Amino acid sequence: MICPKCGRNIPDGSVCPCSYNTPVLSSNPAVNTLKTIGSSPLFLVVSILLSIAPVLTIASQLGLRDNMWDLFYYAMQLDLDPSLFYPVIDAASSMSVAGAVLSAVPAILVAVAMWITYASCRDTQSGNVSTAGLTICKVLSIISLVCICIFAAILVLFMVILLIAGVAEAANDVYGYDASIAQAGIAVLLVLFVILAAVLALAVIYQVCVIKTINRIKATATTGVPDNRIPNFLVVMNYIEAAGMVLAGLANLFTTPILGLGSLVGAATLVIISIILTRYRSGMTLLMYPPVQPVYPQQPTPPQGPGNWG
């Protein structure tokens, strides 16, 4: 007996070993597409890169910790009292280590979520796809959205207080030199506020698109109904953010190599995620709008007379 997949000679009635490495597909085409993309080499590369990211984050923070101790040695060379700097540097060093671990927690959770999704798509025992990894990503996105909204509210409150103080200062001395300075300060604050508001608005829209995309993918995995609604804004913003991270990574690669490498890894992750989302949308579009074979008009068959059978 020859295996139809790999061409290996196997005993009659047995199962070829290559079948154990092939994901079991569902009877639903939409779930099959999701399972195929989730077990693809690109998804595996994303999972690996996301696993590297928290390691680089912790390593970069530890590098900053070493730089703090360099300040301690510089102080000793300048004959300054070490007892004045040691408690501050020690506390800052401990806080940097704790901050490194805490800042890496979201990245670790995202990496775990990606591996859960990849393992579910590669599962050879079931044709279904687990949504546990997607749920983790959704919760993290909701937390990020809430934090951005809180920061935006604090920013608005802070800007209102500064504007009120600036207007009051300008009103006290309408024609004086201080009034001109206050007016210039108000103008600068307004420009900064508009820029920060635009950045925060883009961040909010981005997180909303992420949450919507995760919900739609989860719905497809659960119900088997294809959905190709992947926002173009999400894909484009990933590419834009990746371009910025590449520039930052190249700039920091020679001064702080670990930080620069982390930026390059993040850029590669965003690019590959955008490619995966584009392929997912194309696959779902093909299921929702399958190609229709053209119907050609049938020519009428000429009648056959007795003399035509000759």
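If you count the sequence shown from 1, position 2 lands on 1 in numbering that gives the first Met the number 0, and the numbers rise without skipping.
Quick reminder that beta carbons are idealized off the backbone N, C-alpha and C, glycines included.
Computed from a prediction, not measured in an experiment: that's the story for all the values here.
- The alpha helix (DSSP H) with Tyr279 in it runs from where to where? Pro256 to Met287
- Task: Below 8 Å CB to CB, which residues in the same chain sit around Gly309 once its five sequence neighbours on both sides are set aside?
- Result: Any reading at Gly309 needs caution, since the residue's pLDDT is 43, under 50, leaving its predicted position unreliable; the model's value is listed next. Taken in chain order, the list of residues that qualify is empty.
- Query: Looking at the structure shown, is Asn227 part of a helix, part of a strand, or coil, going by DSSP?
  - Reply: coil
- Task: Rank Glu240, Pro10 and Pro28 by C-alpha distance to the C-alpha of Met287 and give the top, closest one.
- Result: Closest option to Met287, Cα to Cα, is Pro28.
- If Ser25 and Asn31 are in contact, beta carbons under 8 Å, what's the gap, nearest whole angstrom? 6 Å
- Task: Drop a sphere of 10 angstroms on the beta-carbon of Ala266, count the other beta-carbons inside from all chains shown, and report buried for 16 or more, exposed for fewer.
- Result: buried
- Task: Under 7 Å Cβ to Cβ from Tyr53, same chain only, skipping five residues before and after it: list those, please.
- Result: The question names Tyr, but residue 53 is Pro in the sequence shown. If we look at Pro53 and ignore the five residues flanking it on each side, its Cβ neighbours are Ala103, Ala106, Ile107 and Ala110.
- Message: Three Cβ pairs or more, each shorter than 8 Å: is that satisfied between the stretch 222 to 238 and the stretch 181 to 191?
- Response: no
- Query: So, do the stretch 126 to 133 and the stretch 142 to 154 have three or more beta carbon pairs nearer to each other than 8 Å?
  - Reply: no
- Task: Starting from Leu33, trace the alpha helix (DSSP H) both ways and give me its first and last residue.
- Result: Pro28 to Gly37
- Answer with buried or exposed for Leu249, where buried requires no fewer than 16 other C-beta atoms within 10 angstroms of its C-beta. exposed
- Kindly indicate which three-state DSSP category Gly126 falls into: helix, strand or coil? The three-state secondary structure of Gly126, taken from DSSP, is coil.
- Message: Using the three-state DSSP reduction, which class does Leu154 fall into: helix, strand or coil?
- Response: Collapsing the DSSP output to three states places Leu154 in a helix.
- By DSSP, does Pro53 sit in helix, in strand, or in coil? helix
- Compare the beta carbon distance of Leu276 and Val234 with 7 Å and say whether it is the shorter of the two. Taking C-beta atoms as the reference points, Leu276 and Val234 count as a pair closer than 7 Å.
- Task: Assign Ser25 to one of three DSSP states: helix, strand, or coil.
- Result: coil
- Would you say Met236 and Ser262 are within 7 Å of each other, going by their C-beta atoms? For the pair Met236 and Ser262, the CB atoms are not nearer than the 7 Å cut-off.
- Message: Measuring alpha carbon to alpha carbon, tell me which residue in Leu252, Asn8, Phe42 and Val291 is nearest Thr310.
- Response: Within the shown structure, residues of the chain are numbered from 0 to 309, placing residue 310 beyond reach of any answer.
- Message: Here's the rule I'm using: 16 or more other beta-carbon atoms within 10 Å means buried, otherwise exposed. How should Gln60 be labelled?
- Response: buried
- Query: Can the beta-carbon of Ile271 be found closer than 7 Å to that of Val45?
  - Reply: Taking the C-beta atoms as reference points, Val45 is found nearer than 7 Å to Ile271.
- Message: Distance check for Leu156 and Val166, CA to CA, integer angstroms please.
- Response: So the alpha carbons of these two residues sit roughly 15 Å apart.
- Residue environment, Met94, which counts as buried when at least 16 other CB atoms sit within 10 Å: exposed
- Would you please state the rounded distance, in angstroms, between the beta carbons of Ile36 and Arg278? I believe it to be under 8 Å. 6 Å
- Rounded to a whole number of angstroms, what is the C-alpha to C-alpha distance between Ser140 and Leu199? When rounded, the distance between both Cα atoms is 15 Å.
- Item | Cβ pair Met113, Leu49 closer than 7 Å | yes
- Task: Give a yes or no on whether the C-beta atoms belonging to Ala58 and Ile257 are separated by under 7 Å.
- Result: yes
- 7 Å CB neighbourhood of Thr284 in its chain, flanking five on each side removed: Asn227
- Given Val51, which residues of its chain have a CB within under 7 Å of its CB, disregarding the five upstream and five downstream residues? A small fix is needed here, since residue 51 is Ile in this sequence, not Val. Residues Val264 of the same chain have their beta carbon placed closer than 7 Å to that of Ile51, with the five preceding and five following residues left out of the count.
- Message: Please state the DSSP three-state secondary structure of Phe232.
- Response: helix
- Item | CA nearest to the CA of Gln182, picked from Leu162, Ala247 and Ala196 | Measuring from the Cα of Gln182, the nearest candidate turns out to be Leu162.
- Distance between beta carbons of Val203 and Cys148, contact taken as under 8 Å: 7 Å
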